[in-house]
Structure formats: C-alpha cells, structure tokens
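Chemist:
Protein chains: 2
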Amino acid sequence: MRDLAQLLKGNTDVLILSLLESEPMYGYQMIKELERRSQGFFHLGEGTLYPVLHRLERGKLVVGRWRRLDGGQERRYYSLTEAGERRLEEQMTAWARFSSAVNLIIKPA
Amino acid sequence: MRDLAQLLKGNTDVLILSLLESEPMYGYQMIKELERRSQGFFHLGEGTLYPVLHRLERGKLVVGRWRRLDGGQERRYYSLTEAGERRLEEQMTAWARFSSAVNLIIKPA
DNA sequence: CCGGCTAGCCTTGCGTAACGAGGTGCGACG
DNA sequence: CGTCGCACCTCGTTACGCAAGGCTAGCCGG
Numbered sequence: 001m002r003d004l005a006q007l008l009k010g011n012t013d014v015l016i017l018s019l020l021e022s023e024p025m026y027g028y029q030m031i032k033e034l035e036r037r038s039q040g041f042f043h044l045g046e047g048t049l050y051p052v053l054h055r056l057e058r059g060k061l062v063v064g065r066w067r068r069l070d071g072g073q074e075r076r077y078y079s080l081t082e083a084g085e086r087r088l089e090e091q092m093t094a095w096a097r098f099s100s101a102v103n104l105i106i107k108p109a
Numbered sequence: 001m002r003d004l005a006q007l008l009k010g011n012t013d014v015l016i017l018s019l020l021e022s023e024p025m026y027g028y029q030m031i032k033e034l035e036r037r038s039q040g041f042f043h044l045g046e047g048t049l050y051p052v053l054h055r056l057e058r059g060k061l062v063v064g065r066w067r068r069l070d071g072g073q074e075r076r077y078y079s080l081t082e083a084g085e086r087r088l089e090e091q092m093t094a095w096a097r098f099s100s101a102v103n104l105i106i107k108p109a
C-alpha cells in the first residue's frame with residue numbers, strides 16, 4: 001500500500017466534514033474538490049470515499065438526499081447535521097493537537 | 001480502537017527514527033521518551049513499539065545491539081543506519097507535505 | 001453503430017498496522 | 001511472599017484505505 005494511505009487513516013472524516021462545512025456536495029464532487037483544494041495531493045478513490053460517506057451517514061453526522069437533475073441524472077447530495085458540525089470541531093482540535101505533538105518529536109527544540 | 005490509533009498510522013516510523021537521531025535508545029526508553037517529549041500525548045503500547053522496531057530492523061533502517069548492565073539486566077539499544085537517516089529525511093518531508101495538504105482542506109483560505 | 005470516455009453511484013476482498021492482553025524474567029520494597 | 005517497575009516479546013482483533021469490479025447514462029469519434 002502507498003505510504004500516503006497510512007497517513008490518511010483517521011483523517012478522511014475530518015477532510016470530508018470540512019468540505020461539507022461550506023456547502024452540500026455529492027460524492028464525485030468531493031473527490032474532485034479534495035484534489036483541487038489540496039493542489040493535487042489527495043486523490044481519494046471512490047472505493048474509499050463512498051464507504052466513508054455511508055459510515056458518516058450511519059453515524060448521523062451527515063444526511064444524504066437524492067436530487068434529480070434536468071437530464072434525469074441522479075446525485076446524492078450530503079450535508080452536515082448538527083452532530084456533524086460538533087464532530088468537525090472535535091476532529092479539527094484533535095488534528096491540531098496531534099500534528100503539534102508530532103512536530104514536538106520530529107523537530108526537537 | 002481509539003481515534004488516536006488511526007491518526008498514528010503511518011507516523012510511528014518517523015517518530016521512532018526521530019528519537020534515534022539524537023542518540024541510541026532501547027525500546028522501553030523510547031516509550032517514556034515519546035511520552036515526555038510530546039507532553040504526555042503519545043502513549044505507545046509495548047505491543048505497538050516492539051513490532052515497529054523489528055520491522056525497522058528488518059528494513060535495515062536501524063540496528064539493535066544487546067547490552068548487558070551491571071545488574072545482569074539486558075537491554076537492546078537501537079541506532080540509525082545510514083539508510084535510516086535517509087528514510088528519516090524522506091518521512092519528515094512526507095509529513096510536512098501531508099500536514100500542509102490537510103491544513104489546506106480544513107482551514108480554507 | 002460501436003467503442004471508449006466522463007459522470008455518478010455502489011460493493012467485495014485484501015493488506016497494513018496499531019493495540020490490548022498475555023507471557024517471560026529480574027531486582028527492589030514492604 | 002506479593003507486587004511493582006523495568007525490559008523484552010508475541011498473538012488475535014479490528015479499523016480502514018484501496019484496487020478492482022459492476023451498474024446506468026450521455027456524449028463523441030470513427
């Protein structure tokens with residue numbers, strides 16, 4: 001497995017929740033958006049993203065709603081619940097703590 | 001499993017290698033040292049650390065040498081190889097890239 | 001008309017890695 | 001004598017990212 005995959009572990013949730021903070025999005029869009037905002041760094045596979053969304057939905061952190069486009073095409077738009085917003089806050093704090101702890105080790109004062 | 005465990009994934013190597021950059025250490029000491037330097041944030045279990053050390057040793061990134069103390073007690077001191085130093089550099093760069101990519105997502109400009 | 005491309009959703013199986021629990025042996029302390 | 005800290009180890013469980021596969025649909029080129 002690529003090294004990046006290991007680093008990602010535990011961080012996908014906060015990334016997805018962050019995306020949804022600004023506006024509802026559908027899965028495919030999140031993949032592109034993550035890629036764009038990270039300047040090409042993150043390429044989530046669909047096999048990664050969709051299971052994450054389902055897990056978040058089961059956990060009531062997001063809700064998904066099907067929306068039919070003019071063409072008849074269907075998309076599932078996800079948005080944050082209140083619990084999701086709280087979780088996002090927690091996760092951002094956890095990330096901040098974690099990353100500064102790592103920095104304490106790898107760049108000793 | 002605790003959330004922290006997931007965040008840690010892929011980062012244990014760089015943490016351990018960083019510790020060894022300053023001086024050789026033995027396993028038990030690394031656990032205490034990680035805890036101390038991270039101000040209590042990291043509590044690696046022994047069931048986490050020892051397998052990591054064995055993996056690093058198999059990969060020739062560290063070498064372990066038994067040393068007998070006055071009391072008859074034995075410890076296994078690990079130190080970085082040249083390959084280990086190079087790996088440490090790579091991993092530090094990878095961490096820097098990764099953490100700034102995450103920051104791009106979770107704190108949009 | 002067919003092949004391949006993008007969009008869009010999904011699931012299954014695999015591999016990696018952290019962890020808790022368990023095991024060993026030692027010396028010191030009460 | 002029991003138990004605590006030190007110091008090493010292994011095994012089974014679990015989480016989760018990913019590649020590969022499958023489905024529908026529209027569009028474009030040959």
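Protein sequences, first through last, are from chains Y and P. For the first sequence, this note's numbering gives the first residue as 1, with consecutive numbering after it. For the second sequence, this note's numbering gives the first residue as 1, with consecutive numbering after it. Think of the CB as a built atom: it goes at the ideal place given N, C-alpha and C, for glycine as much as any other residue. Treat the numbers as computed from the prediction; the structure is a model and nothing was measured.
Is it a yes or a no for the region 27-37 of chain Y touching the region 86-93 of chain Y, going by three-plus beta-carbon pairs under 8 Å?
Modeler: no
Chemist: Tell me the DSSP secondary structure of residue 47/Y in three-state form.
Modeler: helix
Chemist: Throw me the rounded Cβ distance for the residue 20/P and residue 99/P pair, which I believe falls under 8 Å.
Modeler: Contact flag wrong, Cβ pair sits at about 22 Å.
Chemist: Determine the chain Y residues that contact residue 10/P at a beta-carbon separation under 9 Å, and present them in chain order.
Modeler: Taking a Cβ-Cβ threshold of 9 Å, the residues of chain Y close to residue 10/P are 3, 4, 5, 6, 7, 8 and 9, in chain order.
Chemist: Using only CA atoms, which one of 97/P, 107/P and 104/P lies nearest to residue 7/Y?
Modeler: 97/P
Chemist: Per DSSP, what kind of secondary structure is residue 79/Y in: helix, strand or coil?
Modeler: strand
Chemist: Under 9 Å between beta-carbons, which chain Y residues line up against residue 79/P? List them in chain order, please.
Modeler: Correct list: empty, because the minimum Cβ distance to chain Y is about 17 Å.
Chemist: Please check if any C-beta of chain Y sits within less than 8 Å of the C-beta of residue 102/P.
Modeler: yes
Chemist: Mapping DSSP to helix, strand and coil, what is residue 87/P?
Modeler: helix
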